[in-house]
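Each remark here refers to the structure printed beneath this line.
Chains as they are written, first to last, in the working numbering: chain A, 1 to 203; chain B, 1 to 203; chain C, 1 to 203; chain D, 1 to 203; chain E, 1 to 203; chain F, 1 to 203; chain G, 1 to 203; chain H, 1 to 203.
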């Protein structure tokens, strides 16, 4: 996996090639379209594809067996989608099946409540929310599995680029909520997939 | 009304006397027991009483007619009670009837949901919550009246003395939520009572 | 209502259409001219108009009866106008009559004082101010109705994108002042209109 | 479970009694010795004990079957121990076996490295660290299971009561690290035990 | 002049003696009663007196000629008095005549307005205010002389120990307002007196 | 005077015209070249000129008599010059004579020391400094007149857009230092000129 | 040496010329390509070269004797390279030999450990790291010489432009770690070279 | 070396004994008198002494040969002394000769200038300063050796417990200044002694 910001296209291509040469799946996150164009132009990775909504470049060289478990990825609002898609792409390249549940922020609680039965079957849930980030606490109170909360940098003035949602999630009064960095869908997905892998293994 | 912190007992007694001399009701907020003792010792205010749970001294010199409206004051947890009681005492000395709804934080959503029919009848609601402060958004999404959110300084480390709850409430994605300063039950109660007074007047 | 930032034009059009299909009035806030152009290009909303000064797209499908009450929206300076216009457009699409009082910041107190008689007739007032945000406290001291304070991100260095005005307003020593998020004219207008609706209903 | 700070002894005893009456195990965290004394004085809970190093009151009414899995709880320094003990007591009352690995901060890397084989067998690991909080990243790089990082409020001046460790952990460049609130050993233990329960169930 | 906090009594006495030995006036600010007691106990400074309301020890060894100018020191509320008294004592020991104008915060604008004619005669004005600190801007708009603003650490939650008032004052939209550190009545008084000295000299 | 940022060209021209119509001198600060071009294009202000280094538009309609006093404006480094020029232009349009002393930051103390005799003759001094902002304290210790410190937003990473210099200056241990907002050369110049005017009047 | 940001090309050329005229080596840091082009266009400095990876302009007019000592410059990740190169160029123009050790962040500890023997021979080491900045502590624990830590502004959301790495490094529990400003490779290199010079002199 | 805060007396004694048993010199920093009393009471360390001004417990079991070099430790004011003494005691127990230069803050520059010839002979200098912390930059500009800056938590309101001095020092415009954590005299002394040891070795 490669985190693209602050790297030049040359550096990204070099790391991408090194990882690809070992026949691994490769994922480059926060990649601009121009980075993908540069990678395509090398002609070396015909199978690489650009997932625009996730801002990610995906090179799937070996298809992993789909997981038994399904990982719910829940978003509060439309503007949280890019981070949710980053989590989705990351999980899927590791073989994890996912289900995206969109636009169920706490201002419209009934939409969330209709998904509860499904959520209660999960081993672990990812909650992606900006603005006030209250969704993680509410979901945490409705299920008994771990919730991985991803604050996003979405919001008005005093959201301070995601700080408000981050603090909300850290202060969650629901047990079982842990937090990753702002907009870090990747890390949430890796952690959730690690947990599911161990549980699936025992089934 | 007197805000006691940073004032000496002498100063508080002086202001208290000045206000009381006009036959008004007098309220001293954030008052330690020792302040009340000092006021009692003057012998001047036999009717003054100390509301321990609200940390307030109340001198009710004229009984106001009880309001038609009832003001719900909702708290997320037990530790938010002192601020809720400050709001309750403040509203009541202005003649506003109140109803306290305790311990309905978002980690136990079903407790809150059982109160929704009652909340939907209110003209305005006060929500008192510390930690992640998510309760204001959730309540705001369940009713169509204004919600006045009071962040409290309750919480673990990164709650930063109420800052986390304050930011959450400011970033609420529910319409109709406005915010007062951390722990400021007094100001929330005054605003809510002003609103109810105007509405009651028309009924 | 749609908050446009962080949403793609496709997403905005989709939500806009969904809302419009129910014959509701639709409001899209913080919309660039280019968003409006994209909406016009669909040819679906001939009645949609762009309110440039408010940065808002308005689709008024049903004309609401004008409110009995008039909502004063007061600004400290010229640079606060876009936020004030967002409040104005929002209130008006909900049927609320408004009156804009501009450029009455506390550095020129006499300008404000000449408006006091009018302000004292209001049920609720919106105050929009950046820089030091002192206007909310001053207005709050001059009237006996609730004041909804909107800090704006206008100002020199240590205004920290509206944080200074936000803190000022939260710390207001005037009773009855509540605060919304930085630059959030929309939320202030919704709250004020909800209050006025209830009061108008009784008259 | 009860979080004691900001609650009066009366409130704690009331909640403690309510929880105990359902024959559950009860845990009161951040409890001063004086809280325990008040609980003992009621005479109602002869089996309650005070875990001084964890600052917790434990009432174990039903002994849970010990887990198959062992949960490593790692601390950087001696001063992080109270938080680690809170995690240990919490996990154990839920039936989770634990192993405390103390004083393996990154300034003495060899001490940590000697524990790596053991750590690599775990399903999930709790890392408790103050000051610069670097231990979570280092452990995260040495194992392939999830790491739950608990920042502590231990440290010199610019540690800002745990903020420094919190930020370090949120910015961890190791995959699989998630974070809980400052000093929140309780929440880390609950999450880790939830994960282990599901994995143990499959074995 | 000696700033007492963080100094031991021994250190304070040593510096006090050194300054006194040159027949200067000596001022020790932020001095606890116990510091004064220690100084008295030396028996060396029979003329030293303790100004309790200003938390200052004053040793006036030479009486300076009273200034022609009068320095207004204005406070927003009762709780700002200790800082105002520190300014007053500091100015007076330098020979500056002062006039204290108390409790004229912006929530009660009419009290302030009655003092305007007097304020307009001053060469320079000190404004002491906590909470939202709006008084400095309002005064700055009413006079045409420099205003030295002293934020105080008085206030509710989000005043952050004076930070809110400090930011308000720095962002003042009135010309001629400069700011000193939180609670620093001493520095404001020195600056104001330096200005008045030069102006008085020319008269 | 007009502060240009956040205002449209139309608004600036309107205010500019209103001020100019009273035959006053007019100053527009933080003005882009494009604002000046728009003003020129109106053809109404042939005498308006653009001071590029100060980012200011100046319309001098009446020449004020030059002041007796000379106001030193000192900068720490080359990058502080735009703010210093803003102060210079502002003072000069009010008739205040100025002298710019450039590039005398504390890393090269000898350059500063050579200017001390001149500085000691001033009634008041403006110090403009970014990065660590130490120059204000050093100058304050070398002279006995008031120093008005202007922090600038110049500097590396942890200068936080001027916050570091601002805090340094507020914490100055030299008496007589007061502070204005970050980059606010205008306000420093107005205050300094007000002081000099009163002193010059007496001479 | 010249720090380019906030300076105009004219100012940079003027300072560059002044420094070059004394036959010194000249270094301009944080220089855009366009600055270098402007310098080349003057035709005055045919030997000036642009070090793109270090964002620096170098004019080496006298070749210094290479140092006996070798200065290791260690980076955590690829994105830290520009800051490391700034340190490298700075040290080399002062005659200091350097060795760059790249991409040895704590998430892959084995890569770092393979360099330990070499690091233990150094007199002083520069560690450049963003994100969580843990590398400085780990290196500090592995060697017994001083470590100069350079936080970089690289990272996800809550890295706050380098603040996270800065705090981590300041809170390092390893002895001998000192810190420079965010991204300030220049200052780290100067300090390290000063230390090495004195040690080399004695050998 | 032991950092005492957050450790119980039992823990400190245990670590102290472990370190002492290897015949090393032992240093316990930030130790209250009561900690020393507890250590004395064990009867195990008759040679342990308490350095009150440095708040340190010293057990010197082997006398190290005094260094050739002398390390200047400079303080801005009296209140910075405890941190300076911590540095002094730390250096001396490692055999480093020191010279304390007190009370030479930048508000009284002449006092500092009289020490310059002595400072210019040093290999490395420690500067301890609170409030605005400007002393480090000024010293850095006067010498050509490395300066290790120690911000202290001394100061008025907006010093924010040393944050102001820390930022000032990080933003120093003098080359060769590096910074340690707030109040961390220990770490500065260790680093300075490490540097001197290498230089002394070559002489």
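Heads up, the beta-carbon is just placed ideally off N, CA and C, and yes, glycines get one too.
Where does the unbroken beta strand (DSSP E) through residue 11 of chain H begin, and where does it stop? Where residue 11 of chain H is concerned, there is no enclosing beta strand (DSSP E), although the alpha helix (DSSP H) it sits in stretches over 9-20.
Could you tell me which chain G residues have their CB closer than 7 Å to the CB of residue 158 of chain F, listed as they occur along the chain? The answer, in chain order, is 166, 181 and 182.
Near residue 122 of chain F, which residues of its chain fall below 8 Å by C-beta distance, leaving aside the five closest residues on each side in sequence? Excluding sequence neighbours, residue 122 of chain F sits near 69, 70, 71, 72, 143 and 145.
Given a limit of 9 Å on CB to CB distance, which residues of the segment 130-156 of chain H reach chain F? The residues in question are 130, 131, 132, 133, 134, 135, 136, 137, 138, 140, 141, 142, 155 and 156.
Could one say the Cβ of residue 78 of chain A lies closer than 7 Å to chain C's Cβ atoms, at least one of them? Answer yes: the Cβ-Cβ gap between residue 78 of chain A and chain C drops below 7 Å somewhere.
Is the beta carbon of residue 31 of chain A less than 7 Å from the beta carbon of residue 15 of chain A? Not in contact: residue 31 of chain A and residue 15 of chain A (Cβ atoms no closer than 7 Å).
When you compare each of F:83, F:66 and F:74 to residue 52 of chain F by their alpha carbons, which one comes out closest? It is F:83.
Buried or exposed by the 16-neighbour rule on C-beta atoms within 10 Å, applied to residue 79 of chain C: Flag for residue 79 of chain C reads buried.
Please identify, using Cβ separations under 7 Å, the residues of the segment 107-129 of chain H that lie next to chain J, in order along the chain. Checking the listed chains, one finds no chain J in this structure; the protein chains it contains are A, B, C, D, E, F, G and H.
How many Å lie between residue 18 of chain A and residue 195 of chain G at the Cα? Approximately 38 Å between the Cα atoms of the pair.
What residue range is occupied by the uninterrupted beta strand (DSSP E) comprising residue 127 of chain D? Taken as a continuous stretch (DSSP letters only), the beta strand (DSSP E) holding residue 127 of chain D covers 125-129.
So the candidates are B:25, B:199, B:12 and B:148; which of them puts its Cα closest to the Cα of residue 89 of chain B? Closest option to residue 89 of chain B, Cα to Cα, is B:25.
Kindly indicate which three-state DSSP category residue 193 of chain D falls into: helix, strand or coil? Correct three-state label for residue 193 of chain D: helix.
Spell out whether any CB of chain E is found under 7 Å from the CB atom of residue 105 of chain C. Taking Cβ atoms only, chain E reaches closer than 7 Å to residue 105 of chain C, which makes this a yes.
Collapsed DSSP secondary structure at residue 139 of chain D in the structure displayed: Helix at residue 139 of chain D.
Would you call residue 37 of chain C buried or exposed, if buried means 16 or more other Cβ atoms sit within 10 Å of its Cβ? Of the residues assessed, residue 37 of chain C falls on the exposed side of the cut-off, its CB having fewer than 16 other CB atoms within 10 angstroms.
Cα separation between residue 60 of chain D and residue 45 of chain D? If you take the alpha carbons of residue 60 of chain D and residue 45 of chain D, they lie about 10 Å apart.
For residue 181 of chain E and residue 104 of chain C, I'd like the C-alpha separation in whole angstroms. Cα to Cα, residue 181 of chain E sits roughly 29 Å from residue 104 of chain C.
Buried or exposed for residue 92 of chain C, going by 16 or more other Cβ atoms inside 10 Å? With 16 or more Cβ atoms within 10 Å of its Cβ, residue 92 of chain C is classed as buried.
Under the DSSP definition of a beta bridge, which residues are partnered with residue 71 of chain D? According to DSSP, residue 71 of chain D bridges with D:98.
With DSSP as the reference, please indicate the residues paired to residue 49 of chain H in a beta bridge. DSSP, once it has assigned bridges, lists H:58 as partnering residue 49 of chain H.
Helix, strand or coil: which one does DSSP assign to residue 3 of chain D? In the structure shown, residue 3 of chain D sits in a strand (DSSP, three-state: E or B).
Apart from the five residues on each side of it in sequence, which residues of its chain come closer than 7 Å, Cβ to Cβ, to residue 62 of chain H? Closer than 7 Å at Cβ, skipping near neighbours: 23 and 25.
Between residue 4 of chain E and residue 151 of chain G, what straight-line distance do the alpha-carbon atoms span, to the nearest angstrom? Taking the straight line from one Cα to the other gives about 37 Å.
So the beta strand (DSSP E) residue 177 of chain C belongs to, where does it begin and stop? Note, residue 177 of chain C: beta strand (DSSP E), 177-179.
Within 10 angstroms of the Cβ of residue 48 of chain D, are there 16 or more other Cβ atoms? Answer buried if so, exposed if not. Buried is the call here.
Does the Cβ-Cβ distance between residue 87 of chain C and residue 39 of chain C come in under 7 Å? Their beta carbons are not under 7 Å apart, which means residue 87 of chain C does not touch residue 39 of chain C by this criterion.
On the DSSP bridge assignment, give the partners of residue 148 of chain E in chain order. According to the DSSP secondary-structure assignment, residue 148 of chain E is paired through a beta bridge with E:126 and E:178.
Within 10 Å of its beta-carbon, does residue 202 of chain E have 16 or more other beta-carbons around it, so buried, or fewer, so exposed? Answer is exposed; the Cβ neighbour count stays below 16.
Please tell me whether residue 170 of chain B and residue 158 of chain A are closer than 7 Å, where the distance is taken between their beta carbons. Inclusion of residue 170 of chain B and residue 158 of chain A in the CB contact set at 7 Å is warranted, their separation being smaller than that value.
Between the C-alpha atoms of residue 236 of chain C and residue 183 of chain A, what's the straight-line distance to the nearest angstrom? This structure gives no information on residue 236 of chain C, because the portion of chain C shown stretches from 1 to 203.
Can you name the residues of chain C whose CB is closer than 9 Å to the CB of residue 202 of chain B? Going along chain C in sequence order, the residues near residue 202 of chain B (Cβ under 9 Å) are 198, 199, 200, 201, 202 and 203.
Taking residue 138 of chain H and residue 177 of chain H to be in contact with their CB atoms under 8 Å, please state how far apart those CB atoms are, rounded to whole angstroms. About 10 Å; that fails the 8 Å criterion.
My understanding is that residue 134 of chain D touches residue 168 of chain D, with C-beta atoms under 8 Å, so please give their C-beta distance in whole angstroms. Correct: roughly 6 Å between the Cβ atoms.
Name the chain A residues that come within less than 8 Å of residue 221 of chain D, Cβ to Cβ? Residue 221 of chain D cannot be examined here, being either before or after the span of chain D that is shown, 1 to 203.
Proximity test, Cβ basis, 7 Å: residue 7 of chain G and chain F: Yes, because at least one Cβ of chain F sits closer than 7 Å to the Cβ of residue 7 of chain G.
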